[in-house]
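First up is the structure itself, then whatever we jot down about it.
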Amino acid sequence: MVSLESDRIVGALGRRAGDDPGIAGVVQSIVSIWNEIDTTLRPILGQRGVAMLYKRSLFLTGAAHGWLPRVAEVLPAALDLAPLQAALMQQGNTVALDGGSALLRTFYELLSSLVGPSLTERLLRPIWDNS
Amino acid sequence: MSTRSTITRLATGVPGLDEVLGGGLPEFSFNLIAGPPGCGKTTLAHQIMFSLAKPERPTLYFTVLGEPPLKMLRYQQQFAFFDAELVNGSIHFINLTDETLAGDLDQVLHRIVLEVEKHNPALIFVDSFRSVVLANNAGGNAHNSLQQFVQQLGMVMTSWQATTFLIGEYFTETDANPVFTVADGLIWLRQSVQRNSMVRKIEIMKMRGQPTLPGLHTFRIDTSGIKVFAPARVLAPLSSSAPKGNPGSRLGTGVPKLDAMMGGGLPQGYSLLVAGPSGSGKSILAAAFLIEGADRGETGVIAAFEQVPSRERSPLLAQLIEQDKIGLVDTEAPDLSIDEIVLLLISEIRRLGATRVVIDSLSGFELALAPTFRPDFRESLSRMVSALAAEGVSVLMTSELEDRYTDLRFSPYGTAFMTDAIVVQRYIEVQSRLLRVMAVVKVRASAHSNALCVYEIDDKGIQVGATLPEQEGLLGGRPTRKQLSRTSHGLSDD
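First to last, the sequence lines map onto chains S and Y. For the first sequence, the working numbering gives the first residue as 1, with consecutive numbering after it. For the second sequence, the working numbering gives the first residue as 132, with consecutive numbering after it.
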């Protein structure tokens, strides 16, 4: 069930990137979604809360996508997307899109495992409504 | 037309809480929910919030250090009242961790005011307030600025027409905490531990402008959230209640001979105490009383503290329970309070429109109560009897009676005076047999027999027989055969 629901955020990424995106378009779509996640969740979870979930998602997704960066800070104070952006730019379109999708999916499932599918859907709904 | 300010009272959505609050929560009040960790503060706040939040009544829930919001959302979702659809709609959670970590109360207040102006909420929660206090202590000069902070917060919230809750812990009641002075309402939650039992209690220590119910009230937390057990006397009386049926009419007990002994049955609306030793047939009489009612189309309620009526032991009663003609009050929850039982009884009575109630037995009832309530058992029983009387039902209570042949007592609790009628059962030894006798000791404002009648219990229930005129000294347990006398039959068989 969780994976089906997390398809929506991946779908949002696909729609934003368009049919034939250049690498810059892909990266921009991924980063824009992360910024919206941060904007949506930061008021509720705090910026440290969001940064920690992001760190955990990178850790989990990194096993299958080794080129994804890790968050170096032990206790990140805020979401820092620059290393992700840089790493994405090094990849081809497909690899970047795959990795970016996997990362978003992991994040969605992580949040879902903590606060449940319905609240996760409720919180992140504006992101795909906006895509 | 009155020109006084009118205070609207909000229904909290927590069963029983509005009664204890004295009619609900005053709108625009500034309240503190306090108590030790684990006492249900956050749950109470969430339950009130999810019940009150509406599009026209937006709500802000500020989380300060304390419990991480991720966990709070995770755990509060387990309650039925949690509605994810309201989040980011009528309800906004706002995290103040960064402001609190900075240790500057002005910054915390600043952010709160900004958010309040942005969302224009009707309800505001700050959880937990203790973190604010601690953050303030870190900055030095604790007392003054905290007082200022609370005072300003109270002023801002009230001016902005918001009903506010601060959620805090570790407050000591005797402490002259500035929050206590500013707050309009103080709701204190406690966990009372005695022996191995824990009972949750709530106290409204202060609620400006309304008649709250003083004292500690028990509450329980289950998957539906918090339920407060308000004393039965404040429950809204039913218009149709008291007394049911024709006043002055009599109810059959299911044992015709006993009805005759009572002068024609149990008067409607009376409470009857059936006292007797173990095995004397009290529960059988209680079941007969309910079954007799069902035969006449009446419904009943039973609180069975000793054994739940089963198909094997009392098939008829079990069948009536299955058919919902007799309500069974669940007495298996641990650490019961008297108010909880009374509430359960009354809600069943009202649901079924019941006229007959059985409590089997008072001894089992006492054991089912949490230890903390046992010293007050007599007072509690008296409250229960009057609450049931107010419902207009007729009650049969059984009471275990240790067979003592040196004194004639009717209940171990000194409860005999509370009931309107008493039937006592005893064992006696006659010609090397253990026989049972019963007598009607009292039926208030009614003539009744004074005969001690032998009775037997067979497949059909209780069969009351005649008196034993040849025997005397029955109440001593070992009657002796009277030497003689055709003329003096001390006990009459009417």
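Even for Gly, the Cβ is constructed at its ideal location relative to N, Cα and C. Model, not experiment: these values are computed from the prediction.
Thinking residue i and residue j are a contact (beta carbons under 8 Å), I'd like their distance in whole angstroms, please.
i: Y/Gly285; j: Y/Asn162; result: Going by Cβ atoms, the distance from Y/Gly285 to Y/Asn162 rounds to 10 Å, so no, they are not a contact pair.
i: S/Ile127; j: S/Ile33; result: 6 Å
i: Y/Val489; j: Y/Ile452; result: With a Cβ gap of about 12 Å, Y/Val489 and Y/Ile452 do not count as contacting.
i: Y/Ser411; j: Y/Arg609; result: No, Y/Ser411 and Y/Arg609 are not in contact; Cβ-Cβ is about 17 Å, not under 8 Å.
i: Y/Leu254; j: Y/Ala293; result: 6 Å
i: Y/Ala165; j: Y/Gly299; result: 5 Å
i: S/Phe107; j: S/Leu53; result: 7 Å
i: Y/Met549; j: Y/Leu512; result: 7 Å
i: Y/Ser328; j: Y/Pro167; result: With 8 Å as the limit, Y/Ser328 and Y/Pro167 do not qualify as a contact, their Cβ atoms being about 17 Å apart.
i: Y/Leu583; j: Y/Leu565; result: No, Y/Leu583 and Y/Leu565 are not in contact; Cβ-Cβ is about 15 Å, not under 8 Å.
i: Y/Phe420; j: Y/Phe496; result: 17 Å between Cβ atoms; not a contact.
Which term fits residue i, buried or exposed, when burial requires 16 or more other beta carbons within 10 angstroms of its beta carbon?
i: Y/Lys413; result: buried
i: Y/Asn226; result: buried
i: S/Lys55; result: buried
i: Y/Asp466; result: buried
i: Y/His241; result: exposed
i: Y/Arg326; result: exposed
i: Y/Glu230; result: buried
i: Y/Asp149; result: buried
i: Y/Pro506; result: exposed
i: Y/Phe296; result: buried
i: S/Met89; result: exposed
i: Y/Gly169; result: exposed
i: Y/Pro387; result: exposed
i: Y/Pro374; result: Residue placement at Y/Pro374 is flagged as unreliable, the pLDDT there being 49, under the threshold of 50; the coordinate-derived value follows with that caveat. By the 10 Å Cβ count, Y/Pro374 comes out buried.
i: Y/Arg487; result: buried
i: Y/Ser409; result: exposed
i: Y/Phe504; result: buried
i: Y/Pro446; result: exposed
i: Y/Gln209; result: exposed
i: Y/Gly385; result: buried
i: Y/Gly621; result: For Y/Gly621, the predicted model reports a pLDDT of 44, less than 50, meaning its position is unreliable and no value from the coordinates is stated.
i: Y/Gln207; result: buried
i: Y/Arg442; result: exposed
i: Y/Asp491; result: buried
i: Y/Ala578; result: exposed
i: Y/Asn628; result: Nothing about residue 628 of chain Y can be read from this structure; chain Y reaches only from 132 to 625.
i: Y/Ser563; result: exposed
Leaving out the 5 sequence neighbours to the left and right, which residues in its chain are closer than 8 Å to residue i when beta-carbon positions are compared?
i: S/Asp98; result: His65
i: Y/Gly147; result: His348, Phe350, Lys358, Val359, Phe360, Ala361 and Leu474
i: Y/Gly458; result: Thr430, Gly431, Val432, Ile433, Ile452, Glu479, Ile480, Arg482, Leu483 and Ala485
i: S/Leu60; result: Thr106 and Leu110
i: Y/Thr174; result: Gln207, Phe210, Ile352, Gly356 and Ile357
i: Y/Asp214; result: Phe181
Run the proximity test for residue i: is its beta-carbon closer than 7 Å to any non-hydrogen atom belonging to the ligand GTP?
i: S/Ala86; result: The ligand GTP is not part of this structure, which contains no ligands at all.
For residue i, I'd like the list of residues in its chain whose CB is within less than 7 Å of its CB, leaving aside the five on either flank, ordered along the chain.
i: Y/Val244; result: Val287
i: Y/Pro630; result: The shown model of chain Y, from 132 to 625, leaves out residue 630 of chain Y, and the question about it has no answer.
i: Y/Arg612; result: Glu601 and Gln602
i: S/Leu104; result: Ile9, Val10, Leu13 and Ile33
i: S/Val2; result: For S/Val2, the predicted structure reports a pLDDT of 45, less than 50, and the residue's modelled location is therefore unreliable. A value from the coordinates is still provided. The answer, listed in chain order, is Glu109, Ser112 and Pro117.
i: Y/Ser290; result: none
Based on the DSSP output, what are the partners of residue i in its beta bridges?
i: Y/Pro157; result: Y/Arg140
i: Y/His348; result: Y/Ile333
i: Y/Tyr558; result: Y/Arg567
i: Y/Asn162; result: Y/Phe296 and Y/Gly316
i: Y/Thr598; result: Y/Cys584
i: Y/Phe508; result: Per DSSP, none; premise fails for Y/Phe508.
i: Y/Arg612; result: Y/Gln602
i: Y/His530; result: A quick correction: the sequence has Ser, not His, at residue 530 of chain Y. Answer is Y/Ala406.
i: Y/Thr190; result: Y/Ile222 and Y/Leu254
i: Y/Ser323; result: Y/Val330
i: Y/Ile433; result: Y/Leu459 and Y/Val489
By Cβ distance below 6 Å, which residues in the same chain neighbour residue i in space, the five residues on each side in sequence not counted?
i: S/Gly100; result: Ile30
i: S/Ala114; result: The question names Ala, but residue 114 of chain S is Leu in the sequence shown. Cβ within range, chain order: n/a, list empty.
i: Y/Glu187; result: none
i: S/Thr120; result: Leu111 and Ser112
i: Y/Ser372; result: Note that Y/Ser372 scores 47 on pLDDT, short of 50, meaning its location in the model is unreliable and no value can be drawn from it.
i: Y/Ala142; result: Asp149 and Gly155
i: S/Val50; result: Asp38, Leu41, Arg42 and Leu79
i: Y/Val526; result: Ser402, Val488 and Leu519
i: Y/Val310; result: Leu163 and Val281
Using 8 Å as the cut-off, can you tell me whether the segment 411-430 of chain Y makes contact with the segment 505-524 of chain Y, which would need three or more C-beta pairs spanning the two stretches below that distance?
no
Quick check: the segment 62-76 of chain S against the segment 12-28 of chain S, are at least 3 beta-carbon pairs closer than 8 Å?
no
Determine contact between the segment 555-565 of chain Y and the segment 394-412 of chain Y, defined as no fewer than three beta-carbon pairs at a distance below 8 Å.
yes
Assess, as a yes-or-no matter, whether the segment 333-341 of chain Y is touched by the segment 193-203 of chain Y under the definition of 3 or more beta carbon pairs within less than 8 Å.
no
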